[in-house]
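Start counting the sequence shown at 3; every next residue gets the next number (the numbering used here). All residues carry an ideal CB built from backbone N, CA and C; glycine is no exception. A quick note: this is a predicted structure, and the numbers were derived from the prediction, not measured. To start, the structure under review is shown below, and the notes come after it.
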Amino acid sequence: MYQNQQNTTSGRTMVPEAKQALNNMKFEIANELGINLKQGYNGDLPSRQAGYIGGYMVKRLIEQAERAMSTGAQK
3 MYQNQQNTTS GRTMVPEAKQ ALNNMKFEIA NELGINLKQG YNGDLPSRQA
53 GYIGGYMVKR LIEQAERAMS TGAQK
């Protein structure tokens with residue numbers, strides 16, 4: 003990123019309609035990993051566990067995008 007540019011999207015959902023789906027995915031993945039999340043604030047969650055959840059979310063989102071691109075390319 004250039005010196006004078008700021009990341010204005012940090013921490014914001016790019017597509018507001020996707021916010022609930024992302025939240026559902028977060029809870030689903032946390033459950034799969036055996037991590038108990040509470041509704042609302044989870045700031046007391048160790049960063050390692052939060053990182054696991056976020057990492058698996060990114061992995062799953064990439065897999066979904068790749069599937070969507072591969073099926074779109076076959077049409």
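Would DSSP call residue i helix, strand or coil?
i	result
M27	helix
G60	A small fix is needed here, since residue 60 is Val in this sequence, not Gly. It is helical.
M82	Here the chain comprises residues numbered 3 to 77, so residue 82 is not present and cannot be evaluated.
G42	coil
Please name the residue, chosen from the options, that lies closest to residue i on a Cα-to-Cα basis.
i	options	result
Y54	A67, Q66, N38, R69	N38
P48	V60, A32, P18	A32
L35	M59, A70, T15, Q41	M59
L24	D46, E68, K61	K61
If you draw a straight line from the C-alpha of residue i to the C-alpha of residue j, how long is it?
i	j	result
N44	F29	12 Å
G74	L63	16 Å
G42	A20	17 Å
R69	R50	29 Å
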